[in-house]
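Enquirer: This is the structure, below, for whatever I ask next.
Protein chains: 2
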Amino acid sequence: MAEEVKLFGTWASVFSRRIEVALKLKGVQFEYIEENLSNKSPALLKYNPVHKKIPVLVHNGKPVAESLVILEYIDETWKHNPILPTDPYEKAMARFWAKYIDDKLWPAAREVAVSKGEEQKGVIEEIQKQLKTLESELKEKKFFGGQSLGFVDIAANIIVWLVVAQEALGMEILTEEKFPVLHGWYQRLVDDAVFKECMPPREQHLSFVKVRFGSSTPSK
Amino acid sequence: MAEEVKLFGTWASVFSRRIEVALKLKGVQFEYIEENLSNKSPALLKYNPVHKKIPVLVHNGKPVAESLVILEYIDETWKHNPILPTDPYEKAMARFWAKYIDDKLWPAAREVAVSKGEEQKGVIEEIQKQLKTLESELKEKKFFGGQSLGFVDIAANIIVWLVVAQEALGMEILTEEKFPVLHGWYQRLVDDAVFKECMPPREQHLSFVKVRFGSSTPSK
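Taken in order, these protein sequences are the chains called V and C. FYI, full-length UniProt numbering numbers position 73 of the first sequence as 73, with every residue one higher than the one before it. FYI, full-length UniProt numbering numbers position 144 of the second sequence as 144, with every residue one higher than the one before it.
Have a look at this one:
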C-alpha cells in the first residue's frame with residue numbers, strides 16, 4: 001500500500017528535527033511541510049487543534065502530535081531499525097530519560113537563552129547539574145541507546161541546540177573539559193550520518209539564535 | 001518465579017493512586033510503602049535519586065519512576081487485562097491525552113487550589129476549557145479506554161481530585177449541568193470496583209485538601 005507520510009515542522013525546532021531523524025533512521029519517505037509559526041497554516045490547526053503546535057506527523061490522513069508520542073508511534077508502526085529497546089525495563093528507562101530531558105533540561109535551556117547576569121549564572125549551574133545527571137546515565141556507552149542512536153539520543157538533540165546557543169550567546173555550559181563523557185557522545189551524535197542530515201544549517205542556526213535571543217534584541 | 005513488587009507512594013497523591021489502580025486491574029500482588037513527603041525514606045531517595053519523588057515502583061529490585069512511565073511498564077510486563085490499546089495509532093492517542101492531562105490539567109488544578117478571587121475565576125475558566133476538550137474526546141464512549149477503563153481513565157483520576165477540591169474549597173468547576181458527558185464518565189469511574197478500592201477515604205481526603213489549600217491556612 002502506498003503510504004502517505006507528512007511532517008509539519010519548522011526548521012529551527014528541535015522537536016520537529018527529532019521526527020525527521022526517526023523517519024530517516026527507518027527509511028520512511030515523507031513530505032516535509034515547513035510551517036511559519038507566526039502564521040500557522042489551516043492544515044496545522046486542523047491536525048493539532050488542541051495545542052496548535054508543530055511537530056505533527058500525518059500518516060495516511062491521521063495526525064499524531066507531541067514529539068515523544070510521535071517517536072513511539074513511528075517505532076511501533078515501522079518496526080525495523082528500532083529506536084526503543086524491546087525489554088520493558090529498558091524501555092521504561094528510555095522513556096524516563098526522554099521525559100527528564102523534556103521536563104527539566106528543555107525549560108532550563110530556554111531560560112538560559114533569555115536570562116542575563118546572575119540569573120543566567122544560576123540557570124547555567126542548574127543545566128550543568130542536569131548534564132552531570134545525564135552523563136552518569138551515559139557512562140561508558142557509545143550512545144544512550146547503546147551501540148546505535150535511539151530514543152533518548154534523539155530526544156537529547158536539545159543538547160545540540162544548547163551547544164549552538166552557547167556559541168551564539170557566548171556562554172560556557174558544555175565544554176569538553178567539564179563534560180568529557182557527554183562531549184564525546186555529542187561528537188558521535190553530530191557525526192552520525194542520519195543525525196547530521198537532520199541538523200539545521202549551522203551558520204543559519206547560529207544567526208537565528210543570535211537574533212532571537214541575543215542581547216541586541218529587546219524582546220525576551 | 002516469586003516476584004517482588006513494591007510501590008512507594010503517599011495516600012493523597014493522584015500519581016501513586018494511578019499505580020495502585022493499574023496493579024489491581026492486573027491482579028499483581030504488591031507491597032505498598034507509605035512515604036512521609038516531609039521526611040522521605042532512604043529507600044525512596046535511593047530508588048529515585050533523580051527526582052526524589054513518589055511514586056516509585058520497584059520490581060524485583062529494579063526501580064521505575066514517573067507515573068505514566070510506570071503505567072506503561074506495568075502494561076508491558078503483565079500483559080493480561082491491557083490498559084493501553086494494541087493499535088499503534090490508538091496507543092498514540094492514549095499517550096497524547098494522558099500527556100495533555102499531566103501537562104495542562106494538573107498544573108491548572110494545582111493552581112486553582114492556591115488561587116483566590118479573580119485569579120481563581122480565570123483558572124476555573126481555563127480548567128473548564130480543558131474539561132470541554134476532554135469531553136469532546138470522550139464523546140459517547142463509556143470510558144476513554146472504550147468499554148473498560150484504560151490508560152487515559154487512570155491518568156484522568158486528576159479529575160476525581162478536582163471534584164474533591166471543588167467540594168472542599170467551595171468552587172464550582174465540574175457540574176453535571178455543565179459537563180453531562182464528563183460527569184457521566186466520572187460517575188462510572190468512581191463506581192468501578194477496582195478504581196473505588198484505590199480512592200483515598202473521602203472524608204479524610206476532603207479535610208486534607210481543606211487544611212492544605214483552604215483559606216484558613218496561611219501557606220500557599
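Glycine included, C-beta positions come from ideal geometry on N, C-alpha and C. All of these numbers come straight from a predicted model, not from anything done at the bench.
Cβ of V/K62 less than 9 Å from any chain C Cβ?
Expert: Closer than 9 Å: yes.
Enquirer: Shortest alpha-carbon distance to C/A94 belongs to which of C/Y73, C/F144 and C/P42?
Expert: Ranking the options by Cα distance to C/A94, first place goes to C/F144.
Enquirer: Under 8 Å by Cβ, that's how I've got C/I74 and C/K6 pegged, so tell me the actual separation to the nearest angstrom.
Expert: No, C/I74 and C/K6 are not in contact; Cβ-Cβ is about 13 Å, not under 8 Å.
Enquirer: Going by DSSP, what residue range makes up the alpha helix (DSSP H) through C/L84?
Expert: Careful: C/L84 lies outside any alpha helix (DSSP H) and carries neither H nor E.
Enquirer: Check the Cβ of C/P88 against every Cβ in chain V and list those closer than 7 Å, keeping chain order.
Expert: Simply Y73, E76 and T77.
Enquirer: Listed from N- to C-terminal order along the chain, which residues in the UniProt domain "GST N-terminal" (3 to 82) of chain V have their beta-carbon within a distance smaller than 7 Å of any beta-carbon of chain C?
Expert: Within the UniProt domain "GST N-terminal" (3 to 82) of chain V, the residues whose Cβ lies closer than 7 Å to some Cβ of chain C are V50, K62, V64, A65, E66, V69, E72, Y73, E76 and T77, listed in chain order.
Enquirer: Quick one, which of C/Y186, C/K210 and C/A92 has its alpha-carbon nearest C/M199's?
Expert: Answer by Cα proximity: C/Y186.
Enquirer: Straight-line CA distance for C/V181 to V/L162?
Expert: Rounded to whole angstroms, C/V181 to V/L162 spans 45 Å at the Cα level.
Enquirer: Name the DSSP bridge partner or partners of V/L57?
Expert: V/L57 is bridged to V/L7 and V/V64.
Enquirer: Please state the DSSP three-state secondary structure of C/F213.
Expert: Reduced to three states, the DSSP call for C/F213 is helix.
Enquirer: Quick test of your reading: C/I33 and C/F8, contact by CB under 8 Å. State the CB separation rounded to the nearest angstrom.
Expert: Contact flag correct, Cβ pair sits at about 5 Å.
Enquirer: Expressed to the nearest angstrom, what Euclidean distance is found between the alpha-carbon atoms of V/H205 and V/L105?
Expert: So the two alpha carbons sit approximately 20 Å from each other.
Enquirer: Please report the distance separating the alpha-carbon of V/E35 from that of V/R18.
Expert: Distance between the alpha carbons of V/E35 and V/R18 is about 16 Å.
Enquirer: Does the contact criterion of 3 or more C-beta pairs under 8 Å hold for the segment 161 to 176 of chain V versus the segment 126 to 137 of chain V?
Expert: The answer is yes - the segment 126 to 137 of chain V touches the segment 161 to 176 of chain V, with three or more Cβ pairs under 8 Å.
Enquirer: Classify C/I173 as helix, strand or coil using the three-state DSSP reduction.
Expert: Note: C/I173 maps to coil in three-state DSSP.
Enquirer: According to DSSP, V/E34 sits in a beta bridge with which residue or residues?
Expert: V/E34 pairs with V/G9.
Enquirer: To which residues of the same chain is C/P63 closer than 6 Å at the C-beta, ignoring the five residues directly before and after it?
Expert: Excluding positions up to five away in sequence, the list reads Y47 and V56.
Enquirer: Under 8 Å Cβ to Cβ from C/G214, same chain only, skipping five residues before and after it: list those, please.
Expert: Taken in chain order, the residues that qualify are A168 and L169.
Enquirer: By the 10 Å Cβ neighbour count, where 16 or more other Cβ atoms means buried, how is V/G117 classified, buried or exposed?
Expert: That one is exposed.
Enquirer: Taking only runs that begin and end inside the UniProt domain "GST C-terminal" (87 to 213) of chain V, name each unbroken beta strand (DSSP E) of 3 or more residues, in chain order.
Expert: Qualifying beta strand (DSSP E) stretches: none in this window.
Enquirer: Can you give me the Cβ contacts of V/P218 inside the same chain, cut-off strictly under 8 Å, excluding the 5 residues immediately before and after it?
Expert: With a pLDDT of only 43 at V/P218, under 50, the local geometry of the prediction cannot be trusted, and the value read off the model is given with reservation. Hits under 8 Å: none found.
Enquirer: If we count the other Cβ atoms within 10 Å of its Cβ and call it buried at 16 or more, is C/D153 buried or exposed?
Expert: Per the 10 Å Cβ criterion, buried.
Enquirer: Give me the subset of the segment 92 to 122 of chain C whose CB atoms are less than 7 Å from a CB atom of chain V, sorted by chain position.
Expert: Those residues of the segment 92 to 122 of chain C that come within reach of chain V (Cβ to Cβ, closer than 7 Å) are A92, R95, F96, K99 and Y100.
Enquirer: Give the range of the alpha helix (DSSP H) segment to which C/K24 is assigned.
Expert: Segment V14 to K26, the alpha helix (DSSP H) holding C/K24.
Enquirer: Determine the direct distance from the alpha carbon of C/L68 to that of V/L138, and round the result to whole angstroms.
Expert: Cα to Cα, the separation comes out at about 23 Å.
Enquirer: Check the Cβ of C/T175 against every Cβ in chain V and list those closer than 9 Å, keeping chain order.
Expert: What C/T175 touches in chain V: nothing, since even the nearest Cβ is about 23 Å away.
Enquirer: Give me, in chain order, the residues of the same chain whose beta-carbon lies closer than 8 Å to that of V/V50; leave out the 5 immediate sequence neighbours on both sides.
Expert: Here the set comprises A65.
Enquirer: Going by Cα to Cα distance, which pick from C/G150, C/S136 and C/K210 is closest to C/H183?
Expert: C/H183 has its Cα closest to that of C/S136, out of C/G150, C/S136 and C/K210.
Enquirer: Which residue comes first and which comes last in the alpha helix (DSSP H) that contains residue 222 of chain V?
Expert: One cannot answer for residue 222 of chain V here, as it falls past the ends of chain V, which runs 1 to 220.
Enquirer: Shortest alpha-carbon distance to C/T133 belongs to which of C/G150, C/A165, C/G146 and C/K178?
Expert: C/T133 has its Cα closest to that of C/K178, out of C/G150, C/A165, C/G146 and C/K178.
Enquirer: Using 8 Å for Cβ pairs, my map puts C/A156 next to C/D102. What's the rounded Cβ distance?
Expert: Actually they are not in contact, since the Cβ atoms of C/A156 and C/D102 sit about 10 Å apart, beyond 8 Å.
Enquirer: Around the C-beta of V/G150, are 16 or more other C-beta atoms found within 10 angstroms, so that it is buried, or is it exposed?
Expert: Classification of V/G150: buried, given that the 10 Å Cβ count is 16 or more.
Enquirer: So, are the CB atoms of V/A113 and V/A43 less than 9 Å apart?
Expert: Cβ atoms of V/A113 and V/A43: not closer than 9 Å.
Enquirer: Determine the direct distance from the alpha carbon of V/K40 to that of V/T10, and round the result to whole angstroms.
Expert: C-alpha separation (whole angstroms): 11 Å.
Enquirer: Look at C/N60 and C/E4 and say whether their C-beta atoms are less than 9 Å apart.
Expert: Going by C-beta atoms, C/N60 is nearer than 9 Å to C/E4.
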